[in-house]
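Student: Starting off with a structure, shown below.
Numbering (this note's numbering), first residue to last: 42 to 228.
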């Protein structure tokens, strides 16, 4: 069912299945993501599935003896992690290097960031992309994620982490980073 929901999101349809579309950049509408790929060189099936999932900014993972899918749709958080719920109360942060935070892909640019930091170019291979507008959306997402989503956090958690699966959104309340303690743990 998750793949069916992802398919409806890719098709850009409403709850009743009627086409809403996203702009094609020329005054019309098109599906959010579409795929035009031919696998003719004996690719491994899991590599082929990952190639298709990358088109809709998705990921695949193996769990419970089956392949599962997750996409990048907005969703609510499924868990909260605080200093009280992680090993030694510590979160470990890292950022992308400045040169990894590109702001120009082919002809898609973030003008404000270019004015602030200069130009950092990136070229991406758009396998299966079927339209100029889809290529533009893909490039805009790449730029946004590299500039705005440029920090990673690692931590070791207890049994509550079993409620999470790859791609789930979690909230982190780290009092050592924010200097705000607004949580606790019931013993």
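Every residue, glycine too, gets a C-beta built ideally from N, C-alpha and C.
On the three-pair Cβ rule with 8 Å, is the stretch 108-127 touching the stretch 197-215?
Tutor: With the cut-off at 8 Å, the stretch 108-127 and the stretch 197-215 touch.
Student: Could you check where the beta strand (DSSP E) with residue 210 kicks off and where it finishes?
Tutor: Within the chain shown, residue 210 is the residue found at index 169, counting from 1. First-last of the beta strand (DSSP E) with residue 210: 210-214.
Student: Can at least three beta-carbon pairs, one atom from the stretch 124-137 and one from the stretch 187-198, be found at a separation below 8 Å?
Tutor: Segments in contact, yes.
Student: Assuming contact is defined by CB atoms lying nearer than 8 Å, are residue 149 and residue 177 in contact in what I supplied?
Tutor: Here residue 149 is taken as the residue at index 108 of the chain shown, counted from 1. Here residue 177 is taken as the residue at index 136 of the chain shown, counted from 1. Cβ distance < 8 Å, so residue 149 and residue 177 count as in contact.
Student: Out of curiosity, what's the CA-to-CA distance linking residue 156 and residue 144?
Tutor: The sequence position of residue 156 within the chain shown is 115, counting from 1. The sequence position of residue 144 within the chain shown is 103, counting from 1. One C-alpha to the other measures close to 10 Å.
Student: Could you please give the first and the last residue of the uninterrupted alpha helix (DSSP H) stretch that includes residue 89?
Tutor: In the chain shown, residue 89 corresponds to position 48, counting from 1. 86-96 is the extent of the alpha helix (DSSP H) around residue 89.
Student: Assuming contact is defined by CB atoms lying nearer than 8 Å, are residue 96 and residue 74 in contact in what I supplied?
Tutor: Residue mapping note: residue 96 aligns to position 55 of the chain shown, counting from 1. Residue mapping note: residue 74 aligns to position 33 of the chain shown, counting from 1. Cβ distance < 8 Å, so residue 96 and residue 74 count as in contact.
Student: Can you give the Cα-Cα distance for residue 101 and residue 69, rounded to whole angstroms?
Tutor: For the purposes of this step, residue 101 is identified with residue 60 of the chain shown, where counting begins at 1. For the purposes of this step, residue 69 is identified with residue 28 of the chain shown, where counting begins at 1. The alpha-carbon atoms of residue 101 and residue 69 are separated by roughly 32 Å.
Student: Please check the pair residue 94 and residue 72, which I expect to be a contact at CB under 8 Å, by giving their CB distance rounded to whole angstroms.
Tutor: Here residue 94 refers to the residue found at position 53 of the chain shown. Here residue 72 refers to the residue found at position 31 of the chain shown. Contact flag wrong, Cβ pair sits at about 16 Å.
Student: Are the Cβ atoms of residue 161 and residue 129 separated by less than 8 Å?
Tutor: Looking up residue 161 in the chain shown gives position 120. Looking up residue 129 in the chain shown gives position 88. Their beta carbons are not under 8 Å apart, which means residue 161 does not touch residue 129 by this criterion.
Student: Go through its chain and collect everything with a Cβ distance to residue 205's Cβ below 8 Å, but skip five positions before and after it.
Tutor: Here residue 205 is taken as the residue at index 164 of the chain shown, counted from 1. The residues are 119, 120, 211.
Student: Within 10 Å of its beta-carbon, does residue 106 have 16 or more other beta-carbons around it, so buried, or fewer, so exposed?
Tutor: Here residue 106 corresponds to residue number 65 of the chain shown, with the count starting at 1. Counting Cβ neighbours within 10 Å, residue 106 comes out exposed, since fewer than 16 surround it.
Student: According to DSSP, is residue 125 helix, strand or coil?
Tutor: Against the chain shown, residue 125 aligns to sequence position 84. Helix at residue 125.
Student: Measuring CA to CA, which of 46, 99, 159 is closest to residue 188?
Tutor: The count along the chain shown starts at 1 and reaches residue 188 at position 147. Selected option, being the one with the closest Cα: 159.
Student: Within the same chain, show all residues whose beta-carbon is closer than 7 Å to that of residue 207, passing over the 5 residues directly before and after it, in chain order.
Tutor: Residue mapping note: residue 207 aligns to position 166 of the chain shown, counting from 1. Around residue 207: 100, 102, 111.
Student: Would you kindly check if the distance between the Cβ of residue 201 and the Cβ of residue 126 is under 8 Å?
Tutor: By one-based count along the chain shown, residue 126 stands at place 85. By one-based count along the chain shown, residue 201 stands at place 160. Yes.
Student: Starting from the N-terminal side, write out each stretch of the alpha helix (DSSP H) that is 4 residues or longer and does not extend beyond the stretch 171-213.
Tutor: For the stretch 171-213, whole alpha helix (DSSP H) runs of length 4 or above, ordered along the chain, are 173-189.
Student: Would you decide whether residue 64 is buried or exposed? Buried here means 16 or more other CB atoms lie within 10 Å of its CB.
Tutor: The sequence position of residue 64 within the chain shown is 23, counting from 1. Per the 10 Å Cβ criterion, exposed.
Student: So, with DSSP's three-state summary, where would you put residue 145?
Tutor: Taking the chain shown and counting its residues from 1, one reaches residue 145 at position 104. DSSP places residue 145 in strand when its eight states are reduced to three.
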